[in-house]
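The next block holds one structure in the form of structure tokens; read it before the comments.
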Amino acid sequence: MTAATGRHPPRAYGGAQHRIAKPVGRRGGVVLMPGHAAREQGRTLFPSTVVHASLSPRVLIDGVNQRKIGRKVTKGRWTGMRIFTLTLEERATCPRACQQWDSCYGNNMPYARRHIGGAEFEAKLDAELMALNRRHPRGFVVRLHILGDFYSLAYARYWQAALDRFPALRVFGYTSHAPESEIGAELLRATLDRWDRFAIRFSGAGLHALGAETIERDETTPHIICPAQTGKTDCCATCALCWGTDRTIAFLRH
Ligand code: SF4
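Start counting the sequence shown at 0; every next residue gets the next number (numbering that gives the first Met the number 0).
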């Protein structure tokens, strides 16, 4: 509060998400050991958080609920657009080759609501995108996927069709599909063709452009380190690098 007015000072956009407390004092994330059921069966550590679309109040969640995402873009070509996030089940929707299979960030997210992919999920997603397209005609952003990945070629293509049908839609996110795989090639083609609205990066693919690499905290890197992890910005909403530069972004291991 300010002494003069007795009110809280105005917050910049990207500030409100601080109602979600940062984890303090955690040393490293959970890593599944060989033989662990979630690792071997390819599922989340928290199966009770996996929901069918028919039981979920909504699949697209306001970015304000994710401390690292933020509510509204304040920088770059998508300035002013609201951000929404989508979460699927980690491992169950991911390629087995993912380098973070054992150490997925989802191992540290016991409360995230994970959606089961498929026709009913896509129908619900479609209805929500349609509503957002109406409500935000100047643009809105969807962050894919907080957890999980493009679970089929048809689902990767769904997003291409969605860009055609919903002109306000913008997308950014990451995939563990290799760019030379069937799904990866589809995503790479779409990203190259529609970079102004579709910015998907390839995790762990060793790329110098359109990549996302996990590095150790003391490791040197030729890539840009995510500035939200080094305290140089608040969150994606105040950063915009992932859809503003094609240079690979490095993320410090949790
Ligand atoms: S580089 Fe910026 S936009 Fe990308 S994840 Fe980090 S904070 Fe978000």
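Where is the CB? At the ideal position from N, CA and C, for every residue including glycine.
| Query | Result |
| --- | --- |
| Sequence-ordered residues whose beta carbon comes within less than 5 Å of a heavy atom of the ligand SF4 | C225, A227, C235, C238, L240, C241 and I248 |
| Cut-off 6 Å between Cβ atoms - residues of its own chain near I214, not counting five sequence neighbours on either side | T220 and A249 |
| Neighbourhood of D61 by C-beta, 7 Å cutoff - its chain only, sequence neighbours within 5 removed | R70 and F83 |
| Presumed contact (8 Å Cβ cut-off) between A189 and Q228, rounded CB distance | About 27 Å separates the two Cβ atoms, so there is no contact after all. |
| Stretch pair the region 181-200 + the region 152-170: three plus CB contacts closer than 8 Å | yes |
| Alpha-carbon to alpha-carbon, D195 and T244 | 11 Å |
| Rounded straight-line distance, which links the Cα of S202 to that of E89 | 14 Å |
| Cβ neighbours of Q65 in the same chain (closer than 6 Å, five flanking residues each side left out) | T84 |
| Bounding residues of the alpha helix (DSSP H) (the contiguous stretch that carries L128) | A118 to R134 |
| 6 Å CB neighbourhood of L124 in its chain, flanking five on each side removed | V58 |
| Neighbour-count burial assignment, R169, 16 or more Cβ in a 10 Å radius | buried |
| Residue(s) in a DSSP beta bridge with T41 | For the sequence presented, residue 41 should be read as Gly rather than Thr. Beta-bridge pairing links G41 to no other residue. |
| C-alpha gap between P226 and D217, whole angstroms | 15 Å |
| For E185, the first and last residue of its enclosing alpha helix (DSSP H) | E181 to D192 |
| The region 32-48 in contact with the region 117-136 per 3-pair CB rule at 8 Å | no |
| Segment limits, beta strand (DSSP E) that includes L152 | Premise fails: L152 lies in the alpha helix (DSSP H), L152 to R164, not in any beta strand (DSSP E). |
| Residue(s) in a DSSP beta bridge with F149 | DSSP output for F149 lists no bridge partner at all. |
| Neighbour-count burial assignment, T78, 16 or more Cβ in a 10 Å radius | exposed |
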